[in-house]
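Step one of this worksheet: look at the structure below.
In full-length UniProt numbering, the protein residues as written are 1 to 448.
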(Lines of atoms letter the chains of each structure in order from A and count residues from 1; the text may use other names and numbers.)
(Lines give C-alpha, C1' and ligand atoms only; values in the text may rest on other atoms or scores of the structure.)
Protein backbone atom coordinates (compact mmCIF):
# COMPACT_ATOMS: atom_id res chain seq x y z
CA UNK A 1 0.00 0.00 0.00
CA UNK A 2 1.17 3.55 -0.68
CA UNK A 3 0.09 7.13 -0.49
CA UNK A 4 -0.84 8.86 -3.71
CA UNK A 5 2.40 10.82 -3.91
CA UNK A 6 4.27 7.56 -4.53
CA UNK A 7 2.26 6.52 -7.60
CA UNK A 8 4.19 5.73 -10.78
CA UNK A 9 3.32 7.99 -13.70
CA UNK A 10 2.95 5.07 -16.10
CA UNK A 11 0.45 3.10 -14.00
CA UNK A 12 -3.06 3.15 -15.49
CA UNK A 13 -4.61 0.45 -13.27
CA UNK A 14 -4.90 1.39 -9.61
CA UNK A 15 -7.19 2.23 -6.71
CA UNK A 16 -7.40 5.60 -4.97
CA UNK A 17 -9.05 5.58 -1.55
CA UNK A 18 -10.21 8.64 0.35
CA UNK A 19 -12.57 11.60 -0.07
CA UNK A 20 -14.21 11.76 -3.52
CA UNK A 21 -15.95 14.85 -4.90
CA UNK A 22 -17.80 15.18 -8.21
CA UNK A 23 -21.05 16.38 -9.81
CA UNK A 24 -23.81 14.11 -11.03
CA UNK A 25 -25.97 17.11 -11.94
CA UNK A 26 -25.89 20.87 -11.36
CA UNK A 27 -28.05 20.84 -8.25
CA UNK A 28 -25.53 19.58 -5.71
CA UNK A 29 -22.09 18.09 -5.21
CA UNK A 30 -21.73 14.38 -4.61
CA UNK A 31 -19.30 13.88 -1.72
CA UNK A 32 -18.05 10.47 -0.64
CA UNK A 33 -15.92 10.94 2.46
CA UNK A 34 -14.46 7.45 2.83
CA UNK A 35 -14.73 5.71 -0.51
CA UNK A 36 -12.54 4.52 -3.34
CA UNK A 37 -12.26 4.61 -7.12
CA UNK A 38 -10.88 1.65 -9.04
CA UNK A 39 -9.29 2.35 -12.42
CA UNK A 40 -8.32 -0.32 -14.95
CA UNK A 41 -6.41 0.64 -18.09
CA UNK A 42 -7.43 4.25 -17.60
CA UNK A 43 -11.17 3.64 -17.18
CA UNK A 44 -13.25 3.78 -14.03
CA UNK A 45 -14.53 0.30 -13.16
CA UNK A 46 -15.82 0.89 -9.64
CA UNK A 47 -16.78 3.77 -7.34
CA UNK A 48 -17.64 2.73 -3.78
CA UNK A 49 -19.01 4.79 -0.91
CA UNK A 50 -16.89 2.91 1.65
CA UNK A 51 -13.81 0.73 1.67
CA UNK A 52 -15.47 -2.55 2.67
CA UNK A 53 -15.14 -3.99 -0.85
CA UNK A 54 -11.69 -2.58 -1.56
CA UNK A 55 -9.81 -5.86 -1.20
CA UNK A 56 -12.48 -7.73 -3.17
CA UNK A 57 -12.25 -5.15 -5.97
CA UNK A 58 -8.48 -5.31 -5.87
CA UNK A 59 -8.56 -9.08 -6.33
CA UNK A 60 -11.28 -8.94 -9.00
CA UNK A 61 -9.21 -6.67 -11.24
CA UNK A 62 -5.77 -7.97 -10.31
CA UNK A 63 -4.57 -4.68 -8.83
CA UNK A 64 -1.43 -5.18 -6.78
CA UNK A 65 -1.01 -3.74 -3.28
CA UNK A 66 1.62 -1.33 -4.52
CA UNK A 67 -1.03 0.26 -6.76
CA UNK A 68 -3.51 0.99 -3.99
CA UNK A 69 -3.13 4.59 -2.83
CA UNK A 70 -4.62 6.21 0.25
CA UNK A 71 -5.21 9.94 0.32
CA UNK A 72 -3.80 11.81 3.29
CA UNK A 73 -5.56 14.29 5.55
CA UNK A 74 -6.41 17.43 3.60
CA UNK A 75 -6.53 15.61 0.26
CA UNK A 76 -9.45 14.76 -2.01
CA UNK A 77 -9.92 13.55 -5.57
CA UNK A 78 -12.12 15.44 -8.05
CA UNK A 79 -12.67 15.46 -11.84
CA UNK A 80 -10.23 17.37 -14.01
CA UNK A 81 -11.15 20.84 -15.21
CA UNK A 82 -12.59 21.41 -18.69
CA UNK A 83 -11.55 24.64 -20.45
CA UNK A 84 -14.07 25.12 -23.25
CA UNK A 85 -12.33 28.14 -24.82
CA UNK A 86 -8.64 29.07 -24.86
CA UNK A 87 -6.40 30.68 -27.49
CA UNK A 88 -3.07 28.84 -27.20
CA UNK A 89 -1.08 31.31 -29.37
CA UNK A 90 -2.21 34.28 -27.31
CA UNK A 91 -0.57 33.03 -24.11
CA UNK A 92 2.41 35.44 -24.45
CA UNK A 93 -0.09 38.33 -24.32
CA UNK A 94 -1.79 37.27 -21.08
CA UNK A 95 -2.10 40.38 -18.92
CA UNK A 96 -1.71 42.85 -21.78
CA UNK A 97 -4.05 45.32 -23.42
CA UNK A 98 -6.97 45.53 -21.03
CA UNK A 99 -7.20 49.29 -21.47
CA UNK A 100 -8.82 48.47 -24.81
CA UNK A 101 -12.04 46.81 -25.88
CA UNK A 102 -12.42 43.76 -28.08
CA UNK A 103 -12.04 45.01 -31.66
CA UNK A 104 -9.23 47.47 -30.89
CA UNK A 105 -7.53 44.86 -28.72
CA UNK A 106 -7.57 42.34 -31.57
CA UNK A 107 -5.96 44.82 -33.95
CA UNK A 108 -3.37 46.15 -31.51
CA UNK A 109 -2.30 43.02 -29.66
CA UNK A 110 -3.75 39.77 -30.96
CA UNK A 111 -3.32 39.76 -34.72
CA UNK A 112 0.30 41.02 -34.63
CA UNK A 113 1.17 38.20 -32.21
CA UNK A 114 -0.65 35.49 -34.14
CA UNK A 115 1.20 36.41 -37.34
CA UNK A 116 4.39 35.16 -35.68
CA UNK A 117 3.18 31.56 -35.71
CA UNK A 118 4.32 31.20 -39.30
CA UNK A 119 7.62 30.58 -37.47
CA UNK A 120 7.29 26.96 -36.37
CA UNK A 121 10.10 27.17 -33.80
CA UNK A 122 8.38 30.11 -32.11
CA UNK A 123 5.07 28.24 -32.16
CA UNK A 124 6.54 25.09 -30.63
CA UNK A 125 8.07 27.04 -27.75
CA UNK A 126 4.81 28.77 -26.88
CA UNK A 127 2.61 25.72 -27.33
CA UNK A 128 4.84 23.58 -25.14
CA UNK A 129 4.51 26.19 -22.38
CA UNK A 130 0.74 26.50 -22.77
CA UNK A 131 0.01 22.79 -22.58
CA UNK A 132 2.35 22.24 -19.64
CA UNK A 133 0.88 25.21 -17.77
CA UNK A 134 -2.74 24.21 -18.35
CA UNK A 135 -2.06 20.65 -17.22
CA UNK A 136 -0.26 21.92 -14.12
CA UNK A 137 -3.32 24.06 -13.39
CA UNK A 138 -5.63 21.06 -13.59
CA UNK A 139 -7.03 21.41 -17.11
CA UNK A 140 -7.45 17.85 -18.33
CA UNK A 141 -9.60 18.86 -21.33
CA UNK A 142 -8.89 21.99 -23.38
CA UNK A 143 -10.55 23.46 -26.46
CA UNK A 144 -7.82 25.34 -28.28
CA UNK A 145 -7.86 27.95 -30.98
CA UNK A 146 -4.52 27.84 -32.81
CA UNK A 147 -3.84 30.23 -35.75
CA UNK A 148 -4.37 30.16 -39.51
CA UNK A 149 -1.00 28.41 -39.92
CA UNK A 150 -1.41 24.76 -40.88
CA UNK A 151 2.02 23.49 -39.83
CA UNK A 152 2.21 25.15 -36.43
CA UNK A 153 -1.36 24.06 -35.65
CA UNK A 154 -0.32 20.45 -36.27
CA UNK A 155 2.59 20.90 -33.87
CA UNK A 156 0.14 22.00 -31.17
CA UNK A 157 -1.71 18.70 -31.69
CA UNK A 158 1.57 16.79 -31.47
CA UNK A 159 2.50 18.51 -28.20
CA UNK A 160 -0.92 17.85 -26.69
CA UNK A 161 -0.63 14.18 -27.64
CA UNK A 162 2.87 13.83 -26.20
CA UNK A 163 2.03 15.53 -22.91
CA UNK A 164 -1.20 13.57 -22.51
CA UNK A 165 -3.92 16.20 -22.44
CA UNK A 166 -7.42 15.67 -23.83
CA UNK A 167 -8.02 18.44 -26.35
CA UNK A 168 -9.87 19.81 -29.33
CA UNK A 169 -7.49 21.79 -31.52
CA UNK A 170 -8.60 24.11 -34.29
CA UNK A 171 -6.74 25.64 -37.20
CA UNK A 172 -8.32 29.10 -37.43
CA UNK A 173 -10.15 30.22 -40.58
CA UNK A 174 -10.05 33.90 -41.65
CA UNK A 175 -10.75 35.17 -45.18
CA UNK A 176 -12.60 38.47 -44.68
CA UNK A 177 -11.75 41.75 -42.97
CA UNK A 178 -8.34 40.44 -42.05
CA UNK A 179 -5.27 42.54 -41.20
CA UNK A 180 -2.46 42.79 -43.71
CA UNK A 181 -0.36 39.63 -43.71
CA UNK A 182 -2.80 37.61 -41.63
CA UNK A 183 -5.56 36.16 -43.75
CA UNK A 184 -6.39 33.35 -46.16
CA UNK A 185 -7.89 32.84 -49.60
CA UNK A 186 -11.14 30.91 -49.32
CA UNK A 187 -9.81 27.93 -51.30
CA UNK A 188 -6.64 27.68 -49.21
CA UNK A 189 -8.60 28.02 -45.99
CA UNK A 190 -10.98 25.22 -46.96
CA UNK A 191 -8.42 22.78 -48.37
CA UNK A 192 -5.93 23.27 -45.53
CA UNK A 193 -8.69 22.74 -42.99
CA UNK A 194 -9.81 19.50 -44.62
CA UNK A 195 -6.23 18.24 -44.73
CA UNK A 196 -5.76 19.31 -41.11
CA UNK A 197 -8.81 17.30 -40.05
CA UNK A 198 -7.57 14.22 -41.89
CA UNK A 199 -4.11 14.56 -40.39
CA UNK A 200 -5.42 14.74 -36.82
CA UNK A 201 -7.89 11.91 -37.32
CA UNK A 202 -5.10 9.72 -38.69
CA UNK A 203 -3.53 9.81 -35.23
CA UNK A 204 -6.39 7.56 -34.09
CA UNK A 205 -6.04 9.04 -30.62
CA UNK A 206 -9.43 9.75 -29.11
CA UNK A 207 -7.86 12.28 -26.73
CA UNK A 208 -6.77 14.58 -29.58
CA UNK A 209 -9.52 15.79 -31.90
CA UNK A 210 -9.78 18.43 -34.65
CA UNK A 211 -12.38 21.17 -34.36
CA UNK A 212 -13.67 23.47 -37.13
CA UNK A 213 -12.66 27.02 -36.13
CA UNK A 214 -13.99 30.01 -38.09
CA UNK A 215 -12.70 32.91 -36.00
CA UNK A 216 -16.01 34.77 -36.00
CA UNK A 217 -18.52 36.17 -38.47
CA UNK A 218 -16.49 39.34 -39.05
CA UNK A 219 -13.47 37.37 -40.32
CA UNK A 220 -15.22 34.77 -42.50
CA UNK A 221 -17.59 35.33 -45.39
CA UNK A 222 -20.75 33.27 -45.75
CA UNK A 223 -19.32 31.09 -48.49
CA UNK A 224 -16.39 29.98 -46.34
CA UNK A 225 -18.60 29.40 -43.30
CA UNK A 226 -20.95 27.23 -45.37
CA UNK A 227 -18.00 25.20 -46.65
CA UNK A 228 -16.79 24.73 -43.08
CA UNK A 229 -20.27 23.61 -42.04
CA UNK A 230 -20.12 20.98 -44.79
CA UNK A 231 -16.71 19.81 -43.54
CA UNK A 232 -18.05 19.47 -40.00
CA UNK A 233 -20.88 17.29 -41.26
CA UNK A 234 -18.65 15.24 -43.58
CA UNK A 235 -16.11 14.39 -40.89
CA UNK A 236 -18.48 14.50 -37.89
CA UNK A 237 -16.28 16.96 -36.02
CA UNK A 238 -16.87 19.72 -33.50
CA UNK A 239 -17.15 23.44 -34.27
CA UNK A 240 -16.02 26.44 -32.23
CA UNK A 241 -16.29 30.17 -32.79
CA UNK A 242 -17.30 33.39 -31.04
CA UNK A 243 -20.69 35.05 -30.73
CA UNK A 244 -22.06 38.28 -29.23
CA UNK A 245 -18.97 39.12 -27.22
CA UNK A 246 -19.26 42.91 -27.51
CA UNK A 247 -21.96 45.33 -28.63
CA UNK A 248 -19.61 46.76 -31.26
CA UNK A 249 -19.08 43.29 -32.69
CA UNK A 250 -22.84 42.60 -32.78
CA UNK A 251 -23.51 45.87 -34.62
CA UNK A 252 -20.76 45.13 -37.15
CA UNK A 253 -22.17 41.65 -37.83
CA UNK A 254 -25.65 43.09 -38.39
CA UNK A 255 -24.19 45.54 -40.89
CA UNK A 256 -22.16 42.86 -42.69
CA UNK A 257 -25.04 40.36 -42.88
CA UNK A 258 -28.22 42.46 -43.29
CA UNK A 259 -30.07 39.47 -44.76
CA UNK A 260 -29.77 37.59 -41.44
CA UNK A 261 -32.19 38.08 -38.56
CA UNK A 262 -29.44 38.23 -35.94
CA UNK A 263 -25.93 37.02 -35.12
CA UNK A 264 -26.99 33.43 -34.39
CA UNK A 265 -28.86 33.32 -37.69
CA UNK A 266 -25.59 33.97 -39.54
CA UNK A 267 -24.11 30.77 -38.15
CA UNK A 268 -27.37 28.86 -38.49
CA UNK A 269 -27.62 29.64 -42.21
CA UNK A 270 -24.04 28.44 -42.62
CA UNK A 271 -24.82 25.12 -40.95
CA UNK A 272 -22.50 25.86 -38.04
CA UNK A 273 -24.99 25.44 -35.19
CA UNK A 274 -24.95 21.78 -34.17
CA UNK A 275 -24.95 19.74 -30.99
CA UNK A 276 -21.16 19.67 -31.32
CA UNK A 277 -20.79 23.45 -31.54
CA UNK A 278 -19.48 25.60 -28.70
CA UNK A 279 -19.82 29.38 -28.97
CA UNK A 280 -17.65 31.59 -26.79
CA UNK A 281 -19.17 34.46 -24.78
CA UNK A 282 -22.83 34.92 -25.83
CA UNK A 283 -23.18 37.97 -23.61
CA UNK A 284 -25.64 39.95 -25.74
CA UNK A 285 -27.83 37.21 -27.21
CA UNK A 286 -31.54 37.88 -27.65
CA UNK A 287 -34.27 35.55 -26.40
CA UNK A 288 -34.91 34.44 -29.98
CA UNK A 289 -31.24 33.55 -30.41
CA UNK A 290 -31.23 31.55 -27.20
CA UNK A 291 -34.21 29.53 -28.41
CA UNK A 292 -32.38 28.68 -31.63
CA UNK A 293 -29.21 27.63 -29.78
CA UNK A 294 -31.22 25.47 -27.39
CA UNK A 295 -33.06 23.84 -30.30
CA UNK A 296 -29.78 23.06 -32.08
CA UNK A 297 -28.12 21.71 -28.92
CA UNK A 298 -25.40 24.35 -29.29
CA UNK A 299 -23.37 25.26 -26.20
CA UNK A 300 -21.98 28.46 -24.73
CA UNK A 301 -18.49 28.82 -23.27
CA UNK A 302 -18.77 31.33 -20.44
CA UNK A 303 -15.56 33.39 -20.26
CA UNK A 304 -16.12 35.77 -17.33
CA UNK A 305 -12.53 36.96 -16.87
CA UNK A 306 -12.27 37.99 -20.51
CA UNK A 307 -15.75 39.50 -20.55
CA UNK A 308 -14.73 41.80 -17.71
CA UNK A 309 -11.12 42.44 -18.72
CA UNK A 310 -12.09 43.64 -22.21
CA UNK A 311 -15.16 45.41 -20.82
CA UNK A 312 -17.46 43.39 -23.05
CA UNK A 313 -20.26 42.87 -20.53
CA UNK A 314 -21.70 40.52 -17.94
CA UNK A 315 -23.02 37.20 -19.22
CA UNK A 316 -26.09 35.98 -17.35
CA UNK A 317 -25.38 32.27 -17.04
CA UNK A 318 -28.56 31.67 -15.04
CA UNK A 319 -30.54 32.92 -18.07
CA UNK A 320 -28.66 30.52 -20.36
CA UNK A 321 -29.23 27.56 -18.06
CA UNK A 322 -32.92 28.39 -17.63
CA UNK A 323 -33.25 28.37 -21.43
CA UNK A 324 -31.84 24.84 -21.56
CA UNK A 325 -28.47 25.75 -23.05
CA UNK A 326 -25.40 23.72 -22.12
CA UNK A 327 -22.74 25.93 -20.50
CA UNK A 328 -19.08 25.35 -19.70
CA UNK A 329 -16.32 27.66 -18.51
CA UNK A 330 -13.50 29.11 -20.60
CA UNK A 331 -10.36 31.01 -19.66
CA UNK A 332 -10.23 32.73 -23.09
CA UNK A 333 -6.53 33.46 -22.74
CA UNK A 334 -5.47 36.10 -23.54
CA UNK A 335 -8.76 37.99 -23.48
CA UNK A 336 -8.68 36.59 -19.97
CA UNK A 337 -5.42 37.01 -18.08
CA UNK A 338 -5.44 33.68 -16.21
CA UNK A 339 -4.86 30.23 -17.65
CA UNK A 340 -6.52 28.60 -14.64
CA UNK A 341 -10.11 27.36 -14.57
CA UNK A 342 -10.06 28.12 -10.84
CA UNK A 343 -9.92 31.77 -11.84
CA UNK A 344 -12.82 31.20 -14.25
CA UNK A 345 -14.83 29.67 -11.39
CA UNK A 346 -14.24 32.71 -9.18
CA UNK A 347 -14.92 35.14 -12.01
CA UNK A 348 -18.16 33.32 -12.85
CA UNK A 349 -19.31 33.52 -9.24
CA UNK A 350 -18.47 37.22 -9.02
CA UNK A 351 -20.16 37.99 -12.33
CA UNK A 352 -23.32 36.22 -11.21
CA UNK A 353 -23.28 38.15 -7.95
CA UNK A 354 -22.88 41.44 -9.83
CA UNK A 355 -25.91 40.57 -11.96
CA UNK A 356 -27.80 39.81 -8.75
CA UNK A 357 -26.92 43.31 -7.50
CA UNK A 358 -28.36 44.82 -10.70
CA UNK A 359 -31.67 42.99 -10.40
CA UNK A 360 -34.58 44.64 -8.63
CA UNK A 361 -35.32 43.58 -5.08
CA UNK A 362 -37.79 40.73 -5.04
CA UNK A 363 -36.89 39.60 -8.55
CA UNK A 364 -36.19 36.11 -7.26
CA UNK A 365 -32.89 36.01 -9.12
CA UNK A 366 -30.51 33.45 -7.62
CA UNK A 367 -26.78 33.92 -8.27
CA UNK A 368 -24.63 30.91 -9.02
CA UNK A 369 -23.45 28.85 -6.06
CA UNK A 370 -20.00 27.36 -5.68
CA UNK A 371 -21.30 23.86 -6.37
CA UNK A 372 -22.90 25.08 -9.61
CA UNK A 373 -19.60 26.67 -10.64
CA UNK A 374 -17.84 23.38 -9.82
CA UNK A 375 -20.32 21.64 -12.15
CA UNK A 376 -19.70 24.15 -14.96
CA UNK A 377 -15.94 23.60 -14.63
CA UNK A 378 -16.22 19.80 -14.84
CA UNK A 379 -19.33 17.93 -15.99
CA UNK A 380 -20.93 21.06 -17.45
CA UNK A 381 -17.89 21.65 -19.63
CA UNK A 382 -17.89 18.01 -20.72
CA UNK A 383 -21.56 18.27 -21.68
CA UNK A 384 -20.88 21.53 -23.54
CA UNK A 385 -18.28 19.67 -25.62
CA UNK A 386 -20.46 16.55 -25.97
CA UNK A 387 -17.81 14.39 -24.30
CA UNK A 388 -19.71 13.73 -21.08
CA UNK A 389 -19.82 10.06 -22.07
CA UNK A 390 -16.04 10.03 -21.62
CA UNK A 391 -15.21 12.55 -18.90
CA UNK A 392 -16.59 15.15 -16.48
CA UNK A 393 -17.28 13.03 -13.41
CA UNK A 394 -16.57 9.64 -11.87
CA UNK A 395 -19.30 7.55 -13.45
CA UNK A 396 -18.27 3.94 -14.07
CA UNK A 397 -17.15 3.45 -17.67
CA UNK A 398 -15.69 6.92 -18.11
CA UNK A 399 -12.02 7.74 -18.41
CA UNK A 400 -10.28 8.67 -15.18
CA UNK A 401 -9.60 12.38 -15.75
CA UNK A 402 -8.90 13.63 -12.26
CA UNK A 403 -7.06 15.90 -9.86
CA UNK A 404 -5.63 15.07 -6.47
CA UNK A 405 -6.09 18.22 -4.43
CA UNK A 406 -3.95 18.71 -1.34
CA UNK A 407 -4.97 21.63 0.86
CA UNK A 408 -2.18 20.90 3.36
CA UNK A 409 0.60 21.66 0.89
CA UNK A 410 2.52 24.93 1.27
CA UNK A 411 0.65 27.37 -0.91
CA UNK A 412 -1.77 30.28 -0.91
CA UNK A 413 -3.86 29.16 2.07
CA UNK A 414 -3.19 27.81 5.56
CA UNK A 415 -5.62 25.31 7.11
CA UNK A 416 -5.49 26.37 10.75
CA UNK A 417 -8.51 24.58 12.17
CA UNK A 418 -10.24 21.24 11.81
CA UNK A 419 -11.92 21.35 8.41
CA UNK A 420 -14.37 18.88 6.89
CA UNK A 421 -14.31 17.87 3.24
CA UNK A 422 -17.10 20.28 2.23
CA UNK A 423 -15.14 23.19 3.68
CA UNK A 424 -11.93 22.02 2.00
CA UNK A 425 -13.69 22.05 -1.37
CA UNK A 426 -14.90 25.62 -0.87
CA UNK A 427 -11.48 26.75 0.27
CA UNK A 428 -9.87 25.19 -2.79
CA UNK A 429 -12.34 26.78 -5.20
CA UNK A 430 -12.01 30.24 -3.65
CA UNK A 431 -8.39 30.32 -2.48
CA UNK A 432 -6.43 27.42 -3.98
CA UNK A 433 -4.09 27.43 -6.96
CA UNK A 434 -1.89 25.05 -8.93
CA UNK A 435 0.28 24.43 -5.85
CA UNK A 436 -2.68 22.62 -4.28
CA UNK A 437 -3.07 20.35 -7.33
CA UNK A 438 -0.55 17.66 -6.53
CA UNK A 439 -1.49 15.12 -9.22
CA UNK A 440 -3.28 15.29 -12.56
CA UNK A 441 -4.58 12.29 -14.53
CA UNK A 442 -5.93 12.02 -18.06
CA UNK A 443 -7.45 8.66 -19.01
CA UNK A 444 -5.61 7.14 -16.06
CA UNK A 445 -2.21 8.45 -17.10
CA UNK A 446 -0.52 10.66 -14.52
CA UNK A 447 0.49 13.82 -16.39
CA UNK A 448 1.54 15.88 -13.36
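Glycine included, each C-beta is placed from N, C-alpha and C at the ideal position. This one's a predicted model, so the numbers in the text were calculated from it and none came from an experiment.
Buried or exposed for residue 22, please, with buried defined as at least 16 other CB atoms from any protein chain shown within 10 angstroms of its CB. buried
Please specify which runs of the alpha helix (DSSP H), each continuous and at least 4 residues long, are wholly inside the stretch 85–130, giving them in chain order. 102–105 and 111–114
Assuming residue 299 contacts residue 279 (C-beta within less than 8 Å), just tell me the rounded distance between them. 7 Å
Only counting the same chain, and skipping five residues up and downstream in sequence, which positions put a Cβ closer than 8 Å to that of residue 155? 120, 123, 124 and 127
Taking the alpha carbon of residue 170 as the point to measure from, which residue in 182, 200, 180 and 161 has its own alpha carbon closest? 200
Is it a yes or a no for the stretch 385–400 touching the stretch 415–431, going by three-plus beta-carbon pairs under 8 Å? no
With DSSP as the reference, identify every bridge partner of residue 309, one or two as the case may be. For residue 309, which the question treats as bridged, DSSP gives no partner whatsoever.
Could you have a look at residue 304 and say whether DSSP puts it in helix, strand or coil? helix
Please name the residue or residues paired with residue 46 in a DSSP beta bridge. 38
Identify whether residue 7 lies in helix, strand or coil by the three-state DSSP scheme. Note that residue 7 scores a pLDDT of 44, beneath 50, so its modelled location is shaky and nothing firm can be said.
Return the first residue and the last residue of the alpha helix (DSSP H) that residue 160 is part of. 150–163
Could you pull out every residue in the same chain whose Cβ sits closer than 8 Å to the Cβ of residue 367, ignoring the five residues on either side in sequence? 318, 349, 352, 353, 355 and 356
Give a yes or no on whether the C-beta atoms belonging to residue 310 and residue 98 are separated by under 8 Å. yes
Can you tell me the Cα-Cα spacing of residue 374 and residue 236, whole angstroms? 29 Å
Sort 25, 29, 52 and 28 by Cα distance to residue 37 and report the nearest one. 52
Just to check my reading of the structure: residue 147 and residue 114 have Cβ atoms closer than 8 Å, yes? What is that Cβ distance to the nearest angstrom? 5 Å
To the nearest angstrom, how far is it from the Cα of residue 417 to the Cα of residue 137? 26 Å
In whole angstroms, give me the CA-to-CA distance for residue 175 and residue 150. 15 Å
Give, in chain order, every unbroken run of the alpha helix (DSSP H) that is at least 4 residues long and sits entirely within the stretch 215–249. 222–235
Using 8 Å as the cut-off, can you tell me whether the stretch 39–53 makes contact with the stretch 85–99, which would need three or more C-beta pairs spanning the two stretches below that distance? no
Am I right that residue 219 and residue 177 are in contact with their C-beta atoms under 8 Å? What's the rounded C-beta distance? 6 Å
If you measure from the CB of residue 400, is any heavy atom of the ligand HEM nearer than 7 Å? Inclusion of the ligand HEM in the displayed structure is not the case, the ligand content being empty and no account of it being possible.
Strand pairing of residue 210, partner residues [DSSP]: 169
So what does residue 446 bridge to, in DSSP terms? 441
State the DSSP-derived secondary structure class of residue 347, mapped to helix, strand or coil. helix
At what residue ranges does the stretch 328–403 contain a whole run of the alpha helix (DSSP H), taking only runs of 4 or more? 341–358, 370–377 and 379–384
Three-state secondary structure (DSSP) at residue 23? strand
Please return the same chain residues whose Cβ sits closer than 6 Å to the Cβ of residue 393, not counting the five positions on each side in sequence. 22, 23, 79 and 379
Candidates 345, 12 and 365: which alpha carbon is nearest residue 372's? 345
Three or more beta-carbon pairs under 8 Å between the stretch 239–246 and the stretch 283–300, yes or no? yes
Going by alpha carbons, who is nearest to residue 90 out of 398, 443, 332 and 421? 332
Beta-carbon separation (whole angstroms), residue 94 vs residue 337, contact threshold 8 Å: 5 Å
May I ask you to list the residues that DSSP assigns as paired with residue 77? 20 and 404
Residue 116 to residue 110 span [Cα, whole Å]: 10 Å
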